[in-house]
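Trainee: In the order they appear, the protein sequences are chains C and P.
This note's numbering applies: residue 64 is where the first sequence begins, and numbers increase by one.
This note's numbering applies: residue 64 is where the second sequence begins, and numbers increase by one.
Note that beta-carbon positions come from the ideal geometry of N, C-alpha and C, so glycine has one too.
For clarity, every value in this text was computed on a predicted model and none was experimentally measured.
2 protein chains.
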Amino acid sequence: MEYQYLDCGFEGLSITEDGNVSGTVSRTVKRKSNYDYTSGHECKSKNLQAERRRRQKLSDRLLTLRALAPRITNMKKETIIEDAINYIQELQGNVKFLSDQLHLLEMEPFSEAPGGSPKKEETDDVEETNKHMIQEEVEVGYMGGNKVQIKIIFKKKRGKFTKLLEALSSFGFQLSDTSITSAKGAILVSSFAEAKGLIYDDRVAVEEARELLLKIVRSI
Amino acid sequence: MEYQYLDCGFEGLSITEDGNVSGTVSRTVKRKSNYDYTSGHECKSKNLQAERRRRQKLSDRLLTLRALAPRITNMKKETIIEDAINYIQELQGNVKFLSDQLHLLEMEPFSEAPGGSPKKEETDDVEETNKHMIQEEVEVGYMGGNKVQIKIIFKKKRGKFTKLLEALSSFGFQLSDTSITSAKGAILVSSFAEAKGLIYDDRVAVEEARELLLKIVRSI
DNA sequence: TCCTACACGTGACAC
DNA sequence: TGTGTCACGTGTAGG
Chain C
64 MEYQYLDCGF EGLSITEDGN VSGTVSRTVK RKSNYDYTSG HECKSKNLQA ERRRRQKLSD
124 RLLTLRALAP RITNMKKETI IEDAINYIQE LQGNVKFLSD QLHLLEMEPF SEAPGGSPKK
184 EETDDVEETN KHMIQEEVEV GYMGGNKVQI KIIFKKKRGK FTKLLEALSS FGFQLSDTSI
244 TSAKGAILVS SFAEAKGLIY DDRVAVEEAR ELLLKIVRSI
Chain P
64 MEYQYLDCGF EGLSITEDGN VSGTVSRTVK RKSNYDYTSG HECKSKNLQA ERRRRQKLSD
124 RLLTLRALAP RITNMKKETI IEDAINYIQE LQGNVKFLSD QLHLLEMEPF SEAPGGSPKK
184 EETDDVEETN KHMIQEEVEV GYMGGNKVQI KIIFKKKRGK FTKLLEALSS FGFQLSDTSI
244 TSAKGAILVS SFAEAKGLIY DDRVAVEEAR ELLLKIVRSI
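1) Counting only beta-carbon separations shorter than 9 Å, does ARG281(P) have a partner in chain C?
2) Can you find the residues in the same chain that come closer than 6 Å, C-beta to C-beta, to ILE279(P), ignoring five residues on each side of it along the sequence?
3) Taking Cβ-Cβ distances shorter than 7 Å, what residues in chain C pair up with TYR150(P)?
4) Closer than 8 Å between beta carbons: that is the criterion. Which residues of the stretch 122-138 of chain C meet it against chain P?
5) How would you list, in chain order, the residues of chain C whose beta-carbon sits under 9 Å from the beta-carbon of ILE144(P)?
6) Chain P partners of SER242(C), CB-CB under 8 Å?
7) Run through chain P and tell me which residues come within less than 9 Å of LEU165(C), C-beta to C-beta.
8) Per DSSP, which one or two residues make a beta bridge with THR136(P)?
9) Return the chain-ordered list of same chain residues with a C-beta closer than 6 Å to the C-beta of VAL203(P), the five sequence neighbours on each side being excluded.
10) In the DSSP output, which residue or residues are listed as bridge partners for LEU238(C)?
11) Report yes or no: do the stretch 134-141 of chain P and the stretch 147-159 of chain C share at least 3 C-beta pairs separated by less than 8 Å?
12) Return helix, strand or coil for ILE283(C), following the three-state DSSP convention.
13) Go to GLN212(P), then tell me how far its beta strand (DSSP E) extends in each direction, as first and last residue.
14) Terminal residues of the continuous beta strand (DSSP E) containing GLU202(P)?
15) For SER122(C), which residues of its own chain have a beta-carbon under 7 Å away from its beta-carbon, when the five flanking residues on both sides are left out?
16) Could you tell me which chain C residues have their CB closer than 8 Å to the CB of PHE224(P), listed as they occur along the chain?
17) Identify the contact partners of LYS220(C) in chain P, using a Cβ-Cβ distance below 7 Å as the criterion.
18) Are ILE215(P) and SER253(P) touching if we call contact CB-CB under 9 Å?
19) Can you give the Cα-Cα distance for THR142(C) and LYS223(P), rounded to whole angstroms?
20) For ARG281(C), which residues in the same chain have their Cβ closer than 7 Å to its Cβ, ignoring the five residues on either side in sequence?
21) What does the alpha-carbon distance come out to for the pair THR209(C) and GLU257(C)?
22) Quick one: is the Cβ of GLU153(C) within less than 8 Å of any heavy atom of the ligand SAM?
23) Take ALA249(C) as the anchor and find which of LYS218(C), SER232(C), GLU114(C) and LEU161(C) has the nearest alpha-carbon.
24) Going by DSSP, name the residue or residues bridged to ILE250(C).
25) For GLY156(P), name the three-state secondary structure that DSSP assigns.
26) What does the alpha-carbon distance come out to for the pair PHE255(C) and LYS247(C)?
27) Apart from the five residues just before and just after GLY178(P), which ones in its own chain have a Cβ nearer than 6 Å to its Cβ?
28) Any C-beta of chain C sitting closer than 9 Å to the C-beta of GLU32(P)?
29) Counting contacts by CB-CB distance shorter than 9 Å, is GLN155(P) in contact with chain C?
30) Once the 5 residues before and after LEU238(C) are set aside, which same chain residues still bring their CB inside 6 Å of it?
31) Output needed for MET22(C): all residues of its chain with C-beta closer than 6 Å, excluding positions within five of it in sequence on either side, in chain order.
32) How is LYS107(C) classed by DSSP in three states: helix, strand or coil?
33) Given that a residue counts as buried once 16 or more other Cβ atoms are within 10 Å of its Cβ, and exposed if not, what is SER89(C)?
34) With ALA230(C) as the anchor, note down where its alpha helix (DSSP H) starts and where it stops.
35) Exposed or buried, which one is PHE160(P) when buried takes at least 16 other CB atoms within 10 Å?
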């Protein structure tokens, strides 16, 4: 970093009073003529060195920033910042995903949260009941032993299926073979299951199971 | 953004042959005198406008970057980048912490051994991975558009399937028709899906999707 | 040959 | 009356 400019004391140019509106949108251009040209003072090498320091600092920060991102597409300044932006967004997504998963995993051992988060669910429920009017439907067929075959139709909603699975599992239904098809906002789940919690004298209480399933589906 | 410079065709200055070594450490100064002053050609307004565009783009990126970070200390360029650096490091720390905690929580169901000697657990884990050898398996077939058909085999574990569903959903896979069968501790999921997050010029990156799915399955 | 990206010096401001 | 920051125009190296 050696500069042979001394930059102080001699000037080869004078201030040209040409078009003076500088760059940005609305600068209050006052043309105050800060410099005292009679004394030849206000030497600009100070400003020069400060500017050099500033640039170097900024460049260093950019390098540090680039060193953090794993996906490096280019050395260009602009792409460095772009990569940083993308990386930050990716990291934010990861954090959100992991956080959600962690909370979900923490809630799991206590079966279902009773209070839960009321606001979202409420609005969703209102929308659901008002708008589409897709009627939930549940059928249960007895297959012998504690085996049943169940069919469930409900309205498609984000995360509803996974919650249904969890609810089924926590109520003692063990699904073996299941198939899911979705069409026009409705979901049909058809499955073979073992109903371990609903056995009365070696027979599954089919109607009870059906009502339980219906309650589960509607409550989610 | 209005400039009253036209900058093309007229020059008020000549090239002064003064000290020519410019800024950085070792520039091979050749002083080639690129410009043809006889013809008045090689008008520099192109370069000027390009430079303006570059600056504006860079400024925009900086603003975007600043918009991402929650802790804004200053509007200065340098501090914007500093904040971004700190924020990225913080996010990385969060991801690492959450990931660790998640993995720890996943191992918990196996740690309910009554004796509680850590050796056993370790050997158990090793035995598990060695013995059963249910290899995760992922296949992805391209069906046109952004539709894919996926097949996933993994070892049955409590809550794993619902977590898989959520992960798929959060990574942009929208399952339409899927069937699940389980046998001897293994689960086979076969499904049609829309891969909305992985479209490159109207084509789905199949191999990427496969690797992503494999990572998801293994990480859960 | 042109085009892109960069660092530089400089005037204008804002504390 | 200074110090720090900014955007600007410009020369120059590489592609």
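Mentor: The answer reads as follows:
1) For the purposes of this step, residue 281(P) is taken as the residue at position 218 of the second sequence. At a cut-off of 9 Å between C-beta atoms, ARG281(P) does not count as an interface residue with respect to chain C.
2) Along the second sequence, read from residue 1 onward, the residue named residue 279(P) stands at position 216. Exclusion of the five residues before and after ILE279(P) leaves ALA230 as the residues of its chain whose Cβ lies within less than 6 Å of its Cβ.
3) One-based indexing of the second sequence puts residue 150(P) at position 87. Residues of chain C passing the Cβ test: ILE151.
4) Along the stretch 122-138 of chain C, going in chain order, the ones with a CB nearer than 8 Å to a CB of chain P are ARG124, LEU125, THR127, LEU128, LEU131 and ALA132.
5) To locate residue 144(P), count along the second sequence from 1; it is residue 81. Per Cβ cutoff of 9 Å: LEU121, ARG124, LEU125, THR127, LEU128, ILE144 and ALA147.
6) Taking the first residue of the first sequence as 1, we reach residue 242(C) at position 179. Neighbourhood of SER242(C) in chain P, by CB distance below 8 Å: ASP240, THR241, SER242 and ILE243, in chain order.
7) Counted from its first residue, the first sequence places residue 165(C) at position 102. Within chain P, the residues near LEU165(C) are LEU161, GLN164, LEU165 and LEU168.
8) To locate residue 136(P), count along the second sequence from 1; it is residue 73. Answer is none; THR136(P) lacks a bridge partner.
9) Residue 203(P) sits at position 140 when you count from the first residue of the second sequence. Hits under 6 Å: VAL211, ILE213, VAL269, ALA272 and ARG273.
10) On the first sequence, position 175 is the one that residue 238(C) refers to. Its beta-bridge partners are ALA256(C).
11) By the criterion of at least three beta-carbon pairs nearer than 8 Å, the stretch 134-141 of chain P is not in contact with the stretch 147-159 of chain C.
12) For the purposes of this step, residue 283(C) is taken as the residue at position 220 of the first sequence. DSSP places ILE283(C) in coil when its eight states are reduced to three.
13) As a working mapping, residue 212(P) is identified with position 149 in the second sequence. Note, GLN212(P): beta strand (DSSP E), 210-218.
14) Position 139 of the second sequence, counting from 1, holds the residue named residue 202(P). For GLU202(P), the uninterrupted beta strand (DSSP E) segment begins and ends at 200-205.
15) Within the first sequence, residue 122(C) is the residue found at index 59, counting from 1. Nothing listed; no residue qualifies.
16) Walking along the second sequence from the start, residue 224(P) turns up at place 161. Listed along the chain, the chain C residues whose CB falls inside 8 Å of the CB of PHE224(P) are LEU228.
17) Position 157 of the first sequence holds residue 220(C). Chain P residues near LYS220(C): none, gap ~12 Å exceeds 7 Å.
18) Position 152 of the second sequence holds residue 215(P). Position 190 of the second sequence holds residue 253(P). Taking C-beta atoms as the reference points, ILE215(P) and SER253(P) count as a pair closer than 9 Å.
19) Residue numbering aside, residue 142(C) sits at position 79 when the first sequence is read from its first letter. Residue numbering aside, residue 223(P) sits at position 160 when the second sequence is read from its first letter. Approximately 39 Å, taken between the alpha carbons.
20) Within the first sequence, residue 281(C) is the residue found at index 218, counting from 1. Contacts found: GLU199.
21) The residue you call residue 209(C) lines up with position 146 of the first sequence. The residue you call residue 257(C) lines up with position 194 of the first sequence. The question names Thr, but residue 209(C) in the sequence shown is Asn. As the crow flies, the alpha-carbon of ASN209(C) is around 6 Å from that of GLU257(C).
22) Although the ligand SAM was asked about, the structure shown includes no ligands whatsoever.
23) Here residue 249(C) refers to the residue found at position 186 of the first sequence. When each option's Cα is compared against that of ALA249(C), the closest is LYS218(C).
24) Counted from its first residue, the first sequence places residue 250(C) at position 187. Per the DSSP secondary-structure output, ILE250(C) pairs in a beta bridge with PHE217(C) and SER245(C).
25) Start at 1 with the first residue of the second sequence, and residue 156(P) comes out as number 93. In this structure, DSSP gives GLY156(P) a helical state, which the three-state scheme calls helix.
26) Translated into the one-based positions of the first sequence, residue 255(C) becomes position 192. Translated into the one-based positions of the first sequence, residue 247(C) becomes position 184. Per the coordinates, the alpha-carbon of PHE255(C) lies some 24 Å from the alpha-carbon of LYS247(C).
27) Looking up residue 178(P) in the second sequence gives position 115. Reliability fails at GLY178(P), whose pLDDT of 38 lies under 50, so the model's placement of it is uncertain and no value is given.
28) The structure shown does not extend to residue 32(P), since chain P spans only 64 to 283, so no value can be given for it.
29) The residue labelled residue 155(P) in the question sits at position 92 within the second sequence. Taking Cβ atoms only, chain C reaches closer than 9 Å to GLN155(P), which makes this a yes.
30) For the purposes of this step, residue 238(C) is taken as the residue at position 175 of the first sequence. For LEU238(C), where only same-chain residues beyond five positions count, the Cβ hits under 6 Å are SER254 and ALA256.
31) Within the shown structure, residues of chain C are numbered from 64 to 283, placing residue 22(C) beyond reach of any answer.
32) Taking the first residue of the first sequence as position 1, residue 107(C) is located at position 44. Correct three-state label for LYS107(C): coil.
33) The residue given as residue 89(C) occupies position 26 in the first sequence. Caution applies to SER89(C), whose pLDDT of 34 falls short of 50 and renders its modelled position unreliable; the value that the coordinates give is listed next. By the 10 Å Cβ count, SER89(C) comes out exposed.
34) To locate residue 230(C), count along the first sequence from 1; it is residue 167. That run of the alpha helix (DSSP H) goes 223-233.
35) Residue numbering aside, residue 160(P) sits at position 97 when the second sequence is read from its first letter. PHE160(P) should be labelled exposed.
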